[in-house]
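Below is one structure; the comments refer to it alone.
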Amino acid sequence: MRFRSLKNIWPKEKLEQFLFLFILCGLPAIYYVLMEIILPELSDYWSPGYVFQLLLGLFLFSNVMSNYVMCILVDPSIDPKLMKNQLVRGQHSEDWHECDKCGILAPPRSRHCRKCGVCVLMRDHHCFFTGCCIGHENYRYFFYFLIYFFLSCMISLTSSSIFIYVLHGGRYQLFMLTHPAPNSAYFNSLIIRIIYFKLPDIYELVFTLVFVLLWIGVCVATYVAYDQWSRGYFCYDFELQNIPFDRKLRRNFKTFLGRRMKWTWISGFVPSQLDHDGFDLDPDNERVADWCSETTIKDG
Numbered sequence: 001m002r003f004r005s006l007k008n009i010w011p012k013e014k015l016e017q018f019l020f021l022f023i024l025c026g027l028p029a030i031y032y033v034l035m036e037i038i039l040p041e042l043s044d045y046w047s048p049g050y051v052f053q054l055l056l057g058l059f060l061f062s063n064v065m066s067n068y069v070m071c072i073l074v075d076p077s078i079d080p081k082l083m084k085n086q087l088v089r090g091q092h093s094e095d096w097h098e099c100d101k102c103g104i105l106a107p108p109r110s111r112h113c114r115k116c117g118v119c120v121l122m123r124d125h126h127c128f129f130t131g132c133c134i135g136h137e138n139y140r141y142f143f144y145f146l147i148y149f150f151l152s153c154m155i156s157l158t159s160s161s162i163f164i165y166v167l168h169g170g171r172y173q174l175f176m177l178t179h180p181a182p183n184s185a186y187f188n189s190l191i192i193r194i195i196y197f198k199l200p201d202i203y204e205l206v207f208t209l210v211f212v213l214l215w216i217g218v219c220v221a222t223y224v225a226y227d228q229w230s231r232g233y234f235c236y237d238f239e240l241q242n243i244p245f246d247r248k249l250r251r252n253f254k255t256f257l258g259r260r261m262k263w264t265w266i267s268g269f270v271p272s273q274l275d276h277d278g279f280d281l282d283p284d285n286e287r288v289a290d291w292c293s294e295t296t297i298k299d300g
């Protein structure tokens, strides 16, 4: 595993810079609002429900941030040393192609990224949220970031809906009006605020913004996950008969989760070495060899 140099981490596009700063600064702010303001009203302090939600929130937030950071730091471009070794051995040289931009002989399933300016090994796409390409080395972190980000938005959206619409009757207000309303009804309060030109207080704006961002997060994560699945990254077509589907799916996940795939869900900082260097990956041949070896052992 190689890490990108610090000078290459900062995105070049304006939109990517905005999303980069929002995730690193905005998500911790949203997490603070959810944990410090919403959670205490959902459950009593240090009750079993409060402790469970506190630990769940901490687990989800830590995984979102750790996988995001690792996705940015890990270099998905082609390692010149590994490429040299592959060329010397001459494996699958007929599948390699020359990159006009980099001036190198690139391995199969690698593509040049115009924004990053490098050839990325097993390039999947250029991610606007990370400002870098997603490829062989960092797809694991992108995968978990997407999953945990979706779960975090869904759970937070549910909690925020209960907080706003159940506990606070449809709106959240902390400050007292200078001119008291005849009663506490929302309509009368709204009329008084219009008469005295009272704008929404800062808390109402904050919770409106958080609520909208959570909805956007759910929609974006759902779309990206559907796009990844529909393009077959998790599940390649496999035409041979009598080969269990779960083995195929497990092999696909192990391709980018690594040898310690059972533990990678804990944190983005859990190391898990990949089974291959990404140069000569032939998923069908690997699955057939695995299945044949297992069948031979069982029959023997």
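Residue numbers (the UniProt record's numbering): 1 to 300.
A virtual CB, placed ideally from N, CA and C, is assigned to each residue, including glycine.
Computed from a prediction, not measured in an experiment: that's the story for all the values here.
Spatially closest choice to residue i from the options, by CA coordinates
| i | options | result |
| --- | --- | --- |
| Lys115 | Ile266, Thr255, Trp10 | Trp10 |
| Phe129 | Val220, Lys7, Asn8, Leu34 | Val220 |
| Leu6 | Lys81, Leu73, Tyr148, Lys254 | Leu73 |
| Asn63 | Phe279, Val270, Thr255 | Val270 |
| Val69 | Asp227, Leu205, Ile23 | Ile23 |
| Leu121 | Ser160, Phe142, Glu137, Phe18 | Glu137 |
| Arg109 | Tyr141, Gly131, Pro76, Cys127 | Pro76 |
| Gln228 | Ser47, Arg111, Val212, Tyr139 | Tyr139 |
| Ser267 | Tyr141, Leu21, Phe150 | Tyr141 |
| Asn67 | Cys102, Phe143, His112 | Phe143 |
| Ala225 | Leu257, Phe256, Ile147 | Ile147 |
For residue j and residue i, the rounded distance between their alpha carbons
| i | j | result |
| --- | --- | --- |
| Met83 | Pro107 | 8 angstroms |
| Leu105 | Asp275 | 23 angstroms |
| Gln273 | Thr264 | 11 angstroms |
| His97 | Glu16 | 30 angstroms |
| Cys25 | Asp95 | 43 angstroms |
| Cys71 | Phe145 | 8 angstroms |
| Ser161 | Phe59 | 21 angstroms |
| Lys254 | Met261 | 6 angstroms |
| Thr158 | Ile78 | 42 angstroms |
| Leu56 | Ile216 | 22 angstroms |
| Tyr50 | Asp100 | 58 angstroms |
| Ser156 | Lys12 | 31 angstroms |
| Thr208 | Arg250 | 41 angstroms |
| Gly131 | Phe3 | 15 angstroms |
| Ser47 | Glu36 | 15 angstroms |
Residues sharing a beta bridge with residue i, DSSP
| i | result |
| --- | --- |
| Phe3 | Val74 |
Beta-carbon proximity list for residue i, same chain, < 7 angstroms, skipping 5 on both sides
| i | result |
| --- | --- |
| Gly278 | Leu121, Met122, His136 |
| Val33 | Val206, Val210 |
| Phe149 | Val64, Gly217, Ala221 |
| Leu151 | Leu60 |
Beta-carbon contacts of residue i that lie in its chain and below 8 angstroms, excluding the five residues immediately before and after
| i | result |
| --- | --- |
| His125 | Cys133, Ile134 |
Worksheet entry | Completely contained beta strand (DSSP E) runs for the stretch 63-134, where each covers 3 or more residues | 97-99, 104-106, 111-113, 118-120, 125-127, 132-134
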